[in-house]
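5 is the number of the first residue of the sequence shown in the numbering used here; add one for each residue after it.
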Amino acid sequence: MEDSGGASAAQEPKTAIEKAILNLVGILSTSQSDIRSGTATTSVTATVPQQTPRVSTQIEMQRSFPAMFQRRQSKGKRPFPAPSNVIHAVRNIQLQFCLLPDSTTKTPKNEIRLLQAGLGRRTLSIADNADHEEITIALHEEYPKMKALTGGWLLYKAGGGSGQRNLSLVSQGTQGYTAKTLKMATNNGKNTLYIVPLQEKIDTTPLPHDAAEFSKMPKSQCKTCGVTMPLQLLVCHVENCVQEAACESMTDQAHQNEVQLEPSCPVCGNRYPPDDLVLHASTCGDREVDDLHHTAHEFRDTLLNFAAEMNTDIPANNKEVEQWKKASDPQDAAVLFKRHLLKEKEENPTITAIIDIRQDQTSQSREIIAFYKRPQIDWAGPFRCSLQGDTAVGTGVQRHFFSMAMLKLQHGFNIHSGAANMTLLFEGQENHLVPSTSQILADSDLFVVAGRMIGHSFLNDGPRLHGLSKAIIHMLVHADRDTVTVQLDDVPDLDIRSTICMLDGNKHLTEQQKDDINNLAISWDLPPVSAENRRWLFQQLLHHAVIGRTKRKTKHIRKGLKDTGLLTMLQQRPDTASVVFPQHEDSILTAQAVLSHIVWPGDEGDDEDDDDPPYPLSIQMQTVGFLKTYIETATPFQLSQLMRFWVGWEIPTGTMKVEVVKADYLISSTCFGTLRVPGHFHEYNVFSKHVDDCIATCATGF
Numbered sequence: 005m006e007d008s009g010g011a012s013a014a015q016e017p018k019t020a021i022e023k024a025i026l027n028l029v030g031i032l033s034t035s036q037s038d039i040r041s042g043t044a045t046t047s048v049t050a051t052v053p054q055q056t057p058r059v060s061t062q063i064e065m066q067r068s069f070p071a072m073f074q075r076r077q078s079k080g081k082r083p084f085p086a087p088s089n090v091i092h093a094v095r096n097i098q099l100q101f102c103l104l105p106d107s108t109t110k111t112p113k114n115e116i117r118l119l120q121a122g123l124g125r126r127t128l129s130i131a132d133n134a135d136h137e138e139i140t141i142a143l144h145e146e147y148p149k150m151k152a153l154t155g156g157w158l159l160y161k162a163g164g165g166s167g168q169r170n171l172s173l174v175s176q177g178t179q180g181y182t183a184k185t186l187k188m189a190t191n192n193g194k195n196t197l198y199i200v201p202l203q204e205k206i207d208t209t210p211l212p213h214d215a216a217e218f219s220k221m222p223k224s225q226c227k228t229c230g231v232t233m234p235l236q237l238l239v240c241h242v243e244n245c246v247q248e249a250a251c252e253s254m255t256d257q258a259h260q261n262e263v264q265l266e267p268s269c270p271v272c273g274n275r276y277p278p279d280d281l282v283l284h285a286s287t288c289g290d291r292e293v294d295d296l297h298h299t300a301h302e303f304r305d306t307l308l309n310f311a312a313e314m315n316t317d318i319p320a321n322n323k324e325v326e327q328w329k330k331a332s333d334p335q336d337a338a339v340l341f342k343r344h345l346l347k348e349k350e351e352n353p354t355i356t357a358i359i360d361i362r363q364d365q366t367s368q369s370r371e372i373i374a375f376y377k378r379p380q381i382d383w384a385g386p387f388r389c390s391l392q393g394d395t396a397v398g399t400g401v402q403r404h405f406f407s408m409a410m411l412k413l414q415h416g417f418n419i420h421s422g423a424a425n426m427t428l429l430f431e432g433q434e435n436h437l438v439p440s441t442s443q444i445l446a447d448s449d450l451f452v453v454a455g456r457m458i459g460h461s462f463l464n465d466g467p468r469l470h471g472l473s474k475a476i477i478h479m480l481v482h483a484d485r486d487t488v489t490v491q492l493d494d495v496p497d498l499d500i501r502s503t504i505c506m507l508d509g510n511k512h513l514t515e516q517q518k519d520d521i522n523n524l525a526i527s528w529d530l531p532p533v534s535a536e537n538r539r540w541l542f543q544q545l546l547h548h549a550v551i552g553r554t555k556r557k558t559k560h561i562r563k564g565l566k567d568t569g570l571l572t573m574l575q576q577r578p579d580t581a582s583v584v585f586p587q588h589e590d591s592i593l594t595a596q597a598v599l600s601h602i603v604w605p606g607d608e609g610d611d612e613d614d615d616d617p618p619y620p621l622s623i624q625m626q627t628v629g630f631l632k633t634y635i636e637t638a639t640p641f642q643l644s645q646l647m648r649f650w651v652g653w654e655i656p657t658g659t660m661k662v663e664v665v666k667a668d669y670l671i672s673s674t675c676f677g678t679l680r681v682p683g684h685f686h687e688y689n690v691f692s693k694h695v696d697d698c699i700a701t702c703a704t705g706f
């Protein structure tokens, strides 16, 4: 009973579920039958209201929640998207072009003239895939004058360097020029391409400022004349426009001055032109004829003075230039050139040198070198020198400076160079001096200093550098290696000279001599000696030993001479080289040269003071005799020291006076060239020793 009751209880819920399912199936069946019957009997418009709410709801949900409700067009996997056509971006490259007027192989000198004619340099933006036709169209738009070219054109590029350069052809492919080839030829647009016509010549007449060639250029207005033009042309126009305006204003001012300069009649006071004034004054009033002539002469003198003041010095300067160029004597030509250059530069700032004579010779040498290393100095300007540690002033100080500087240049600077305590810039024997082959000296610009010292001392009538080799002088003046004559004595190195000397003549060479010659030749990139090239090798070794090894130093000396203006005279008057660079024998000081400049006591006559002399005439004559004997018997070195003690340098200058005074030591006034000799000596030997001791101090001051 219990089992049957439980089974009936379990069947009741099952029966309820089944009933619900059956009810749902019945409802669905009924709705399906209704739909079938409705679609068969009802029109198409009746079904639209039933589907509209569902469709609108789906669209609304998709619009509100796009990530969750996506309407798929098809079932299954999402298909791959169809490939789209990729459009590559076009890049442009900037290329510089320069249109030339005719066929040439050189870059243009004046691009402003080309720019005024619508040619010249332009920058174009070209697509990186442009072909020859597209490049041609772009060039025609930028250069309208190229449209008329029927003879063809080619592109060239310039080589490296500065100034006017050679042009080389830019290669092109079978399809002509392309942007890719031009990009490679110009190093990504950094270099300029030159458009060269092949068979025609383009007109270079300046175009009007409103031409089509200038339409893309930025423009501005000239404030002087009011003309609007491109900025590139405005630079030159402004300069010319200002000059023209200045000339017009000067002309107007001169006209006003001429009007103002019209004199007035001394009788009636009215102004008349100069030509009519005399005629008017002769009939004006009762003025006497003499007074009238006097007034006319005064007016004539006034006009002449005014005309003289209005004239410039240009004709006079030109006359001076012609004088030194046409002077027959080289010495006169050098003097005239020096006078002309100093007069031209007399308004320049004064060059000041300061030397401390309390320091040692090494410090003084460094001060001199540092002074001549100063940049941007016009060495032809006025010069002044002052000595620290000495109260001396005047021209004597300048003479002492030039004497000390040229002495160090001739015999060496007191600077330790590693191998010796002296630094020699010139090596060799007398009359065969050549620049030192030391690269350290060249790197230090000491040979530029040497050129400035030579020119500066010459312009100030100072000592010269003597004993220079004629081959080096030829290189300084002409800079021509093919026409220079080299001597064996010009080789400063005795070992190299002896090795080169073995090749001179036809003497048989031993194996040891051949080895020495070959070692020298190979070290200078020359072939070994043989019977065929013996004479040629001799000339090559000799030329390289003197000219080749000193080429850089000679060029530096020329630069120093150019800085002083002296190179101009040497190039236009090569015969003056013997005046600037005398030989050793010409620089030796002689007793006769010194005595010819001396004014002895009593030679001035009545110009002497009325005071009583410090010594009787007999003692004065005895002292003067001692000094004459000393000068006549002195060595060139003693005479040089005496001149440096007397006037400041080794050159006898002007009038050198001698006075016998009461003093303990020999005294000199270098600025005035006066030597004061003590009169208490009675023996020549004592006098000679005293003079030697005094003049030995010439290097330490005054």
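Positions of the beta carbon are idealized from the N, C-alpha and C atoms, including for glycine. Please read these numbers as outputs of a predicted model, since none were measured by experiment.
| Item | Value |
| --- | --- |
| Could you name the residues of the same chain whose beta carbon sits closer than 6 Å to that of Asp613, not counting the 5 residues immediately before and after it, in chain order? | Because the pLDDT of Asp613 is 48, which lies under 50, any placement of that residue in the model is unreliable, and the number read from its coordinates should be weighed accordingly. Answer for Asp613: no residue qualifies. |
| I'd like the list of long-range same chain contacts for Lys187, defined as Cβ closer than 8 Å, with 5 residues on each side in sequence excluded. | Ile97, Leu99, Asp132, Gly193 |
| By the DSSP assignment, the alpha helix (DSSP H) with Val481 in it spans what residues? | 474 to 481 |
| Is the distance from the Cβ of Val569 to the Cβ of Leu345 below 8 Å? | Position check: residue 569 holds Gly in this sequence, whereas Val was assumed. Cβ atoms of Gly569 and Leu345: closer than 8 Å. |
| For Gly564, does the three-state DSSP call read helix, strand or coil? | helix |
| Cutting at 7 Å between CB atoms, please list the residues of its own chain near Ile551, excluding the five before and the five after it. | Ala475, Met479, Arg485, Val488, Val490 |
| I need the straight-line Cα distance from Leu631 to Thr674, nearest angstrom please. | 18 Å |
| Using alpha carbons as the reference points, say which of Leu429, Lys110, Lys666 lies closest to Gln624. | Lys666 |
| Report back the beta-carbon spacing between Arg501 and Leu492 to the nearest angstrom; my notes put them in contact at under 8 Å. | 6 Å |
| Let's test the definition: count the other Cβ atoms within 10 Å of the Cβ of His297 and tell me whether it reaches 16, buried, or not, exposed. | Caution is warranted here: a pLDDT of 43 is assigned to His297, below 50, making its placement in the model unreliable, and no coordinate value can be reported. |
| Could you tell me which residues DSSP puts in a beta bridge with Asn170? | Lys110 |
| What's the gap between the Cα of Ala409 and the Cα of Ile372? | 7 Å |
| For Pro578, name the three-state secondary structure that DSSP assigns. | helix |
| Could you pull the DSSP bridge partners for Leu158 from this structure? | Val200 |
| Give the secondary structure of Phe341 by DSSP, where H, G and I count as helix, E and B as strand, and everything else as coil. | helix |
| So does the stretch 341 to 356 actually touch the stretch 394 to 403, counting three or more Cβ pairs closer than 8 Å? | no |
| Can you tell me where the alpha helix (DSSP H) with Pro640 in it begins and where it stops? | 640 to 650 |
| In angstroms, rounded to a whole number, what distance separates the CA positions of Arg680 and Ser461? | 28 Å |
| What residue from Phe417, Arg378, Arg343, Asp360 has the CA that sits closest to Gly393's CA? | Asp360 |
| Near Glu115, what residues of its chain come up, given a Cβ to Cβ distance below 8 Å and the 5 sequence neighbours on each side ignored? | Cys102, Gly124, Arg125 |
| Which residue wins for smallest C-alpha separation from Thr594, given the options Arg562, Ser622, Glu636, Thr154? | Glu636 |
| Specify the secondary structure class of Thr356 as computed by DSSP and reduced to three states. | strand |
| For Ser527, name the three-state secondary structure that DSSP assigns. | helix |
| Kindly indicate which residue of Gln587, Tyr160, Lys557 has the alpha-carbon position closest to the one of His436. | Gln587 |
| Distance, Cα to Cα, Gln4 vs Val453? | Because the chain in this structure spans residues 5 to 706, residue 4 falls outside the shown range and cannot be described. |
| Run through DSSP, which three-state label would Glu663 get? | strand |
| List the endpoints of the continuous beta strand (DSSP E) containing Gly3. | Limits of the chain in this structure are 5 at one end and 706 at the other, which puts residue 3 out of reach. |
| Which term fits Cys389, buried or exposed, when burial requires 16 or more other beta carbons within 10 angstroms of its beta carbon? | buried |
| So Thr208 and Pro105 are in contact, right, with Cβ under 8 Å, and what is the actual spacing, rounded? | 5 Å |
| What is the DSSP secondary structure of Cys675, counted as helix, strand or coil? | coil |
| Would you identify the three-state DSSP class for Val490, choosing helix, strand or coil? | coil |
| Specify, as a first and last residue, the run of the alpha helix (DSSP H) that Phe387 falls within. | Looking at the DSSP string, Phe387 is not in any alpha helix (DSSP H); the run it does join, the beta strand (DSSP E), is 387 to 392. |
| Which class does Thr399 belong to by DSSP, given the choice of helix, strand or coil? | helix |
| Considering only the beta carbon of each residue, do Ile521 and Thr503 sit closer than 8 Å? | yes |
| Inspect the CB distances between the stretch 439 to 454 and the stretch 546 to 562 and report whether three or more fall short of 8 Å. | yes |
| Could you give the C-beta distance for Met647 and Glu654, rounded to a whole number, given that I count them as a contact under 8 Å? | 5 Å |
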